[in-house]
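Heads up: the structure comes next, in structure tokens.
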Amino acid sequence: MAPISNAPSIVWQGTNGNDRKTGTARSEMFLGFFGNDTINGGGGNDVIDGSHGNDVVNGGAGIDTLSIMGSDRLTGGPGNDIFVAVGVPFNLRLPSNSSVITDFRAAGPQSDILQLANFGVRWADRDKDMNDGFSITQKGKNVLVQVEDSAGNLYKITLNNIKVGALNMNNVQLISSPFAAAAAETGEIIYGTENADSLNGTKLGELIMSYEGNDTLRGLGGDDSLNGQSGADMMYGGRGNDRIYVSGTDRAWGGEGSDTFVFTSRAAYPAIADGGRAIVQDYKPADGVIEFIGFDVEFADRDRGLDDGMAFVQKGADTLIRVVDEDGAVMELLLKNTRSADLTADDFAFFY
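Residue numbers for the sequence shown, in the numbering used here: 21 to 372.
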């Protein structure tokens with residue numbers, strides 16, 4: 021699978037009126053400014069920002085990045101698209117934000133990502149109300165995502181023809197800055213298929229994501245994110261501070277740098293995580309982090325049994341971490357050549 025670049029080759033700027041623009045087969049950037057604009061990206065990996073107004077945006081073919089602002093109607097089109105809403109970090113009131121994404125795909129080889137940047141919320145804050153500033157609710161055949169920024173602006177994003185249960189932290193990402201900008205500066209997005217893939221990064225920082233199949237992912241240089249999803253995957257971070265998602269019978273090597281290994285609940289995210297025993301080959305205590313996603317446990321729950329849902333067991337030179345999933349199944353993470361006595365609360369983060 022070839023790397024996908026986010027850097028556009030052509031930049032088009034609209035006016036303060038109602039503009040109409042159709043792109044070409046190349047990768048382009050579109051800036052609509054004010055007015056109710058209609059923008060079609062065409063082919064290529066486009067970046068489209070309709071800005072203010074009630075815009076109609078169609079990314080077209082390719083891996084497109086579409087900005088959400090105002091009351092927009094957004095269609096990603098074929099390809100793995102990224103929809104980005106950015107909260108205002110200072111006291112600035114915006115017009116109504118109520119947008120619709122017509123073709124959001126939560127899983128599969130052409131899955132999409134919704135990024136909510138600068139909102140200061142956590143995945144655990146989601147519920148059916150807005151007490152914590154973040155809600156995800158089923159509305160008939162659609163899902164309504166609501167999030168509030170620090171200025172009090174409420175963003176309403178409707179995902180058409182999808183179920184709440186299909187959404188998770190991999191396809192709804194809560195980040196501090198828009199991924200599209202970071203990707204353009206540091207590297208690329210590399211997607212695999214539903215088969216057994218071998219995907220390599222570069223000296224830059226990439227997001228490398230495969231799907232089903234027993235895949236091999238290599239980040240090489242840069243600060244990479246590697247996610248093999250389902251299947252027995254082999255993942256090598258290489259140089260840099262990497263983020264590697266593991267579950268089932270995956271094996272992961274962080275390589276050089278301060279790496280983060282993300283252990284994901286199968287019960288909470290069955291489409292992307294497997295049961296079994298995953299192995300981290302080179303975890304370095306006090307120089308990395310192990311994140312637990314979707315498990316109702318914390319560091320204080322660890323003991324030699326599973327009474328509190330989590331156990332640390334020394335197995336020769338290795339530490340076996342056992343954790344009870346929401347469905348009662350036990351998932352395991354083995355840290356090779358790591359003493360349990362060397363692990364502290366600073367080595368772990370828990371998100372439920």
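Even for Gly, the Cβ is constructed at its ideal location relative to N, Cα and C. No experiment lies behind these values; they were computed from the predicted model shown.
Runs of beta strand (DSSP E) lying entirely within the region 150-196, each at least 3 residues, in chain order: 154-159, 162-168, 174-179, 192-195
Assigned secondary structure, residue 137 (DSSP; H/G/I helix, E/B strand, else coil): strand
Residue-level contact to chain D via CB, residue 193, 8 angstroms cutoff: Reference to chain D is not applicable here, since this structure consists of a single protein chain.
Cα-Cα separation, residue 132 to residue 313: 20 angstroms
DSSP state of residue 371 mapped onto helix, strand, coil: strand
Residue 375 burial status per 10 Å Cβ neighbour count (16 or more: buried): One cannot answer for residue 375 here, as it falls past the ends of the chain, which runs 21 to 372.
Residue 83 versus residue 179: straight-line alpha-carbon distance, rounded: Roughly 18 angstroms separates the two Cα atoms.
Counterpart residues of residue 328 in DSSP-defined beta bridges: Residue 328 is not bridged to any residue.
Reduced DSSP secondary structure (H/G/I, E/B, other) of residue 230: coil
Residue 338, enclosing beta strand (DSSP E) - first and last residue: 338-344
Counted within 10 angstroms of its Cβ, other Cβ atoms place residue 150 as buried (16 or more) or exposed: Residue 150 counts as exposed, since fewer than 16 other C-beta atoms from the protein chains shown sit within 10 angstroms of its C-beta.
Whole-Å CB distance - residue 253 paired with residue 226, under 8 angstroms assumed: Rounded to the nearest angstrom, the Cβ distance from residue 253 to residue 226 is 16 angstroms, too far for a contact under 8 angstroms.
DSSP bridge partner residues for residue 31 (one or two, in chain order): 49
Beta-carbon proximity check, residue 258 vs residue 237, cutoff 8 angstroms: no
N-terminal and C-terminal residue of the beta strand (DSSP E) that residue 273 is part of: 271-273
The region 284-304 contacting the region 319-327, beta-carbon criterion three pairs below 8 angstroms: no
C-alpha gap between residue 260 and residue 368, whole angstroms: Approximately 20 angstroms, taken between the alpha carbons.
Residue 256: first and last residue of the uninterrupted beta strand (DSSP E) it sits in: 254-256
Rounded separation between residue 366 and residue 147 - CA only: Residue 366 and residue 147 have their C-alpha atoms spaced approximately 28 angstroms apart.
As assigned by DSSP and simplified to three states, the class of residue 283: strand
8 angstroms Cβ cutoff met for residue 329 and residue 347: No, they are not a contact pair.
Separation of residue 220 from residue 31, as counted between CA atoms: 29 angstroms
CB of residue 61 within 8 angstroms of CB of residue 50, strictly: yes
Same chain, Cβ closer than 6 angstroms to residue 120, neighbours up to 5 away in sequence not counted: Counting only residues of its own chain and dropping the five nearest sequence neighbours on each side, residue 120 has a CB closer than 6 angstroms to the CB of 93, 178.
Beta-carbon proximity list for residue 114, same chain, < 7 angstroms, skipping 5 on both sides: 108, 173
Proximal residues to residue 56 (C-beta, below 7 angstroms), its chain only, five neighbours per side dropped: Around residue 56: 38, 73, 74, 75.
Assigned exposure category for residue 276 - 16 Cβ within 10 Å defines buried: That one is exposed.
Presumed contact (8 angstroms Cβ cut-off) between residue 248 and residue 230, rounded CB distance: 5 angstroms
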